[in-house]
Amino acid sequence: MIQLFLPLNFLGFVYREIRRALTDLENMLGLLTRKPAIKDSPDAKPLQLKGGEVRFEQVNFGYQSERLILNNLSFHMAPGTKVAIVGASGAGKSTIARLLYRFYQISQGRILIDGQEISSITLQSLRQAIAIVPQDTVLFNSSIRENIAYAKPDASTAEIEQAIDMAHLRQFITSLPQGDATLVGERGLKVSGGEKQRIAIARAILKGAPILVFDEATSSLDSFSEQAILNAMRDVSRHYTSLVIAHRLSTITDADQILVLEKGVVAEQGTHSQLMAMNGLYTKMWQQQADQNEH
Ligand code: ATP
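Residue numbers (the numbering used here): 1 to 295.
See the structure below:
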């Protein structure tokens with residue numbers, strides 16, 4: 001019996017490890033094809049978490065040394081606040097999230113979490129402190145419940161239920177004949193982009209990290225889905241320091257601070273009403289989106 005049990009137990013272990021690895025892959029914000037050589041520094045220490053404060057100080061970064069993508073970028077996220085980054089396609093929004101997760105090494109400046117430079121802390125503790133809601137989420141061929149819980153396989157029922165509520169998934173799940181046992185993924189129920197992103201929000205909640213990065217989907221969602229995601233994000237972001245990479249300006253009017261990126265520099269910065277009063281780039285972006293929505 002034990003001869004059968006040990007290999008099975010080992011296979012279970014391998015299966016869980018592969019799933020865990022996939023979580024990290026998915027967290028790479030679409031950079032699956034590149035594997036940057038970022039390692040712990042020899043004297044790296046685990047992050048000492050306090051409130052989840054984030055600070056970028058005069059950060060310079062380029063994927064290639066001859067082309068700077070972010071130029072002298074500085075901003076501060078107080079614990080529990082919501083900061084949104086907006087800007088044209090290619091302005092460097094997602095790059096900021098990748099640098100916070102330390103997929104790449106910056107060439108100048110500092111990035112700090114709770115006062116500790118991220119290059120001096122272990123990657124494992126850094127990435128444990130950040131939950132990412134990617135633009136496009138991979139769903140496994142298993143139940144919705146397992147899909148939500150896979151980042152924390154030992155999550156209690158109460159924790160999963162709470163994540164379902166906070167991610168505004170309850171109504172969707174109860175509308176399914178098999179509820180949260182419904183199979184999704186390639187061979188299961190096809191879920192919409194908006195439902196997928198709410199499943200990703202529930203996963204991020206379960207991770208229990210103090211910093212949340214939300215990469216808003218670029219693909220257009222119907223207005224019901226968009227509103228459901230917005231409601232979920234409003235509820236969830238109260239509990240996190242959240243960085244929102246925004247493509248639709250209507251979703252970030254409640255942010256504590258909005259950074260308007262243009263060619264790698266912060267061209268404008270403020271709340272929605274402050275930026276609208278400036279009548280500059282942000283206002284122009286609003287007008288453009290309003291025109292697009294009319295057509
Ligand atoms: P979008 O709104 O279209 O998602 P973005 O503002 O998030 O755009 P980034 O993805 O941060 O833009 O990219 C910023 C710039 O860096 C772009 O010019 C892009 O082509 C370039 N870039 C992104 N990833 C890489 C990479 N792995 N290697 C080289 N250049 C890259």
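All C-beta atoms, glycine included, are put in the ideal place defined by N, C-alpha and C.
As the crow flies, the alpha-carbon of residue 247 is around 12 Å from that of residue 226. Residue 85 carries a strand assignment under DSSP once its states are collapsed to helix, strand and coil. Looking at the DSSP output, residue 270 bridges to 258. Take residue 139, set aside five residues on each side of it, and the residues of its chain with a beta-carbon closer than 6 Å to its own are 147, 184 and 185, in chain order. A direct Cα-Cα distance of roughly 29 Å separates residue 81 from residue 145. DSSP places residue 131 within a strand segment (E or B) once states are collapsed to three. Separation of the CB atoms of residue 201 and residue 241 is rounded to 16 Å, and the pair is thereby denied contact status at 8 Å. Beyond the five residues adjoining it in sequence on each side, residue 121 comes within less than 8 Å, by CB distance, of 44, 45, 46, 47 and 113 in the same chain, given in chain order.
Within 7 Å of the C-beta of residue 185 there is not a single heavy atom belonging to the ligand ATP. Under the three-state reduction of DSSP output, residue 280 falls in the coil class, being neither helix nor strand. For residue 69, the Cβ falls inside the 7 Å cut-off from some heavy atom of the ligand ATP.
Of the candidates 257, 159 and 190, the residue whose Cα lies closest to the Cα of residue 276 is 257. With a cut-off of 7 Å, the C-beta of residue 51 is classified as distant from the ligand ATP, since no heavy atom of the ligand falls inside that distance.
Using a cutoff of 7 Å, the CB of residue 93 counts as near the ligand ATP, since one of the ligand's heavy atoms is closer than that.
By a beta-carbon distance limit of 8 Å, residue 106 contacts residue 99. Their separation comes to about 6 Å. Within the chosen limit of 7 Å, the ligand ATP reaches the beta carbon of residue 90 through at least one heavy atom.
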